[in-house]
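Structure, as structure tokens:
Residue numbers (the UniProt record's numbering): 1 to 279.
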């Protein structure tokens, strides 16, 4: 994050060497050549920081991934992005013999011909199920399609916000309590997160997506607590972790499943059973 193109390319070259060692030892690997590069790193969008680059993006892409037409300004930047990604792929393929993909933001118009798998971050922000699924069509180009990020936070109303759910948390006070938008502490709801995750998994599976990854397993920098100290509800994690001063933070494992964890396990287990029964 916040690395230059040259720094990222050098890092990927070294990472690809290690990945190839593991691959030749029998591990089934896919190399992901970055995530939403335009906002997380230097060289495509203007700005010295993540916030600067998001400020460039926001007015040009107000509707999230359901926008019908990508604005020309973002298409122009995507030309630059593809040059950068192609330079990454070249050094990765020079060291790694396995499949390569990229985790694309919905505002990025990626030339997928350089990759083996189409990889997208595909959150839902209150769109109908029909529209959410229909907008996958722009990614159906005859290659495997993987949703590399989807999920939501764990409070009432988080599902409607999708990937923007965290923005209600504006910071933290010295005592560890959260600073929330309009000074209103959200109401924790693990059920809302679990229902969202479950619905998205079923929709994407029925739509023929080849792989789905839930964002994110654990996020220990946002521990669980009571009321304004509950930062965990503002994270996307499937498990909750604890503040360092609590003894439970030293347990192994140092986390406890949320409802969404169990929902994911149930759905994947059901899918596996269905697949086995068809063999």
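Cβ coordinates follow ideal geometry from the N, Cα and C atoms, glycine included.
These numbers were taken from a predicted model, which means no experiment stands behind them.
Local conformation of residue 110 per DSSP, three classes:
coil
Please report the distance separating the alpha-carbon of residue 32 from that of residue 88.
Those two C-alpha atoms are separated by around 10 Å.
For residue 143, which residues in the same chain have their Cβ closer than 8 Å to its Cβ, ignoring the five residues on either side in sequence?
112, 115, 116, 117, 118
Can you tell me the Cα-Cα spacing of residue 235 and residue 71, whole angstroms?
30 Å
Between the alpha carbons of residue 131 and residue 207, how many angstroms are there, rounded?
In a straight line, the C-alpha of residue 131 is about 12 Å away from that of residue 207.
Mark residue 4 as exposed unless 16 or more other C-beta atoms lie within 10 angstroms of its C-beta, in which case mark it buried.
exposed
Cβ contact check for the region 76–88 and the region 32–52: 3 or more pairs under 8 Å
yes
Tell me, to the nearest whole angstrom, how far the beta carbon of residue 225 is from that of residue 186; I am working on the premise that it is less than 8 Å.
With 8 Å as the limit, residue 225 and residue 186 do not qualify as a contact, their Cβ atoms being about 13 Å apart.
Taking residue 276 as part of the alpha helix (DSSP H), name the residues at either end of that continuous run.
259–277
Secondary structure of residue 198, DSSP reduced to three states
helix
Is there contact between the region 152–167 and the region 182–197, where contact requires at least three CB pairs shorter than 8 Å?
yes
By the DSSP assignment, the alpha helix (DSSP H) with residue 54 in it spans what residues?
50–57
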